[in-house]
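So in my numbering, the last spot in the sequence shown is 380, and the numbers never skip.
To start, the structure itself, in structure tokens.
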Amino acid sequence: MKAYKNILFILDHLKGGGAERISLDVANNLAQKHKVTIALLDSSNIRMPISNRVNQVHLDVNKKFMSGNLWRNKKNKLTIGDINKINNLVSEKEYDLIILSHWYSLHLASLLEGNIWIWIHGEIFNPHKSRTSNPFRWYKEKRRVFLERKYFTKLLNGRNLIFVNNTLLEKYKPYIPQSNIKVIYNGIDENRLKENLDNQDKKIWDCIFVGRLSSEKQPEYAIQAFAASTLTGRMAIIGDGSLLPSLKNLACKLGIENRLDFLGWQNNPANFIKKSKVLIMSSKQEGFGLVIAEAILLETPVVAFNCSEGVFYQLNTPVLKEGLVPPQDLRALASKLEKIYHHPYEIKSVDKERLSIKTTIESFENLG
13 MKAYKNILFI LDHLKGGGAE RISLDVANNL AQKHKVTIAL LDSSNIRMPI SNRVNQVHLD
73 VNKKFMSGNL WRNKKNKLTI GDINKINNLV SEKEYDLIIL SHWYSLHLAS LLEGNIWIWI
133 HGEIFNPHKS RTSNPFRWYK EKRRVFLERK YFTKLLNGRN LIFVNNTLLE KYKPYIPQSN
193 IKVIYNGIDE NRLKENLDNQ DKKIWDCIFV GRLSSEKQPE YAIQAFAAST LTGRMAIIGD
253 GSLLPSLKNL ACKLGIENRL DFLGWQNNPA NFIKKSKVLI MSSKQEGFGL VIAEAILLET
313 PVVAFNCSEG VFYQLNTPVL KEGLVPPQDL RALASKLEKI YHHPYEIKSV DKERLSIKTT
373 IESFENLG
């Protein structure tokens, strides 16, 4: 491995989210030893701070490229000006490593040359048909699966790929047999996590949910589990998304609207996690679930659906695995929340060390 590298990250945006958070943390940490550039395809709403050690480039490509179905030909949505900006960015410097991270950026792989790696943070398509007795929906699902498998293979087969857990590897490997795949678990930048913490340690919330208010995160399960438990305090919801109105209606139907705090998107959710007794993660699918590791480092116990190998990896110790719950089991989620609230497990230093970003950084330095 070279002692010094010139590294380029091309990201969709930095509007907030786990994929953006880990990409930025890795870039910022690599910049301590290497020359690092972050290029944003959309810089219209940067909500996450970039270290002054990192060079920024705002590509701001055609909005049509940054919208719609991922599994369609996106290259024809790039203007000649967009392509020139991308080519100029890469040709100006000899990058030792180029990372394409998060969603639409992976379509740029065929435009670039060099040591290029595509970072897959979570489930990007479902290779199996949904069950239905409706013949029209059955045909629609059959067609969707056929087309998405075809586009997935065409786009990613033969590429260098990074997966954040072995569940994704096993799910997608049959469709990309010629790809060079590495599994790199995410790690947490403890310094970044704790640098803006206040000095107040008082627990305000019985539990907290942190994440996009979207279908794959299933915040409604977290709310229902809180309502079904015997907890009498308050719950915090950190995040925004399309489900917000329906979640507020759900809180009213459950009679807990006066005990639920919808706090929206927060620049520093760590302060809120620290002031909560339990973090609840109710995702249907999850690449890694970065917020789990953040909670462990902040010594807030976690209750989580065991929905992926990435989630299991983080809580796979004799003590922490007490927080794992069978996926989609609402009754078990409520029961476990109640149990860990009253009898929180002890988070030890060894639990924190295994979730450090140090190992993640070393893995990226050795990509070649």
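From the three backbone atoms N, C-alpha and C, an ideal C-beta is built for every residue, glycine too.
Computed from a predicted structure; not experimentally measured.
What residue range does the alpha helix (DSSP H) around residue 205 cover? DSSP places residue 205 inside the alpha helix (DSSP H), whose first and last residues are 202 to 206.
Identify which residue in 273, 321, 84 has its Cα closest to the Cα of residue 162. Distances from the CA of residue 162 to each of 273, 321, 84 were compared; the closest alpha carbon is that of 84.
What residue range is occupied by the uninterrupted beta strand (DSSP E) comprising residue 67? 67 to 70
Residue range of the unbroken alpha helix (DSSP H) whose run includes residue 239: 231 to 240
Can you list, in chain order, the residues of its chain whose CB lies under 7 Å from that of residue 89, leaving out five sequence neighbours each side? 74, 76, 77
Helix, strand or coil at residue 268 according to DSSP, with G and I counted as helix: Coil at residue 268, not helix or strand.
Which residues does DSSP pair with residue 324 in a beta bridge? Paired residue(s): none; residue 324 is not in a bridge.
Of the residues 70, 126, 24, 200, which one's Cα is nearest the Cα of residue 38? 200
6 Å Cβ shell around residue 192 - same chain, five flanking residues per side excluded: 172
Which of helix, strand or coil does DSSP assign to residue 150? Residue 150 falls in the helix class under three-state DSSP.
When burial is assigned at 16 or more other CB atoms within 10 Å of the CB, is residue 130 buried or exposed? buried
In the DSSP output, what is residue 130 paired with across the bridge? Looking at the DSSP output, residue 130 sits in a beta bridge with 112, 173.
Beta-carbon separation of residue 250 and residue 313 under 8 Å? With contacts defined as CB atoms closer than 8 Å, residue 250 and residue 313 fail to qualify as a contacting pair.
Return the CA-CA distance between residue 261 and residue 233, expressed in angstroms with no decimal places. 14 Å
Outcome for residue 354 when other beta-carbon atoms lying within 10 angstroms are tallied against a minimum of 16: Residue 354 is classed as exposed because its beta carbon has fewer than 16 other beta carbons within 10 Å across all chains shown.
Quick check on this structure: which residue in 275, 286, 243, 274 has the alpha carbon closest to the alpha carbon of residue 215? 286
Residue 414 to residue 105 span [Cα, whole Å]: The shown model of the chain, from 13 to 380, leaves out residue 414, and the question about it has no answer.
By DSSP's criteria, residue 73 is part of a beta bridge. Which residues make up the other side? According to DSSP, which records beta bridges pairwise, residue 73 is partnered with nothing at all.
For the beta strand (DSSP E) that residue 376 lies in, which residues bound it at each end? Taken as a continuous stretch (DSSP letters only), residue 376 belongs to no beta strand (DSSP E), being part of the alpha helix (DSSP H) at 370 to 377.
Is it buried or exposed, residue 388, if we count other Cβ atoms within 10 angstroms and call 16 or more buried? There is simply no residue 388 to check, as the chain begins at 13 and stops at 380 in what is shown.
One question on the structure: do residue 58 and residue 50 come within less than 8 Å of each other, judged by their Cβ atoms? no
Just reading off the alpha helix (DSSP H) that residue 102 is part of, what are its end residues? 92 to 104
Backbone CA spacing between residue 463 and residue 231 [nearest angstrom]: No answer is possible for residue 463: the residues shown for the chain start at 13 and end at 380.
Cβ shell of residue 381 (< 8 Å), same chain only, five flanking positions each side left out: With the chain represented from 13 up to 380, any question about residue 381 goes unanswered, as that position is not in the structure.
Per the contact definition of three or more C-beta pairs closer than 8 Å, is the region 175 to 188 in contact with the region 313 to 322? yes
Integer-rounded CB distance, given that residue 32 should sit under 8 Å from residue 114: 6 Å
Pairwise C-alpha distance: residue 299 and residue 30: 9 Å
Is residue 289 helix, strand or coil by DSSP? Note: residue 289 maps to coil in three-state DSSP.
Going by DSSP, what residue range makes up the beta strand (DSSP E) through residue 52? Element bounds for residue 52: 47 to 52.
Would the region 117 to 130 and the region 274 to 288 be scored as touching if the rule is three or more Cβ pairs under 8 Å? The region 117 to 130 is not in contact with the region 274 to 288.
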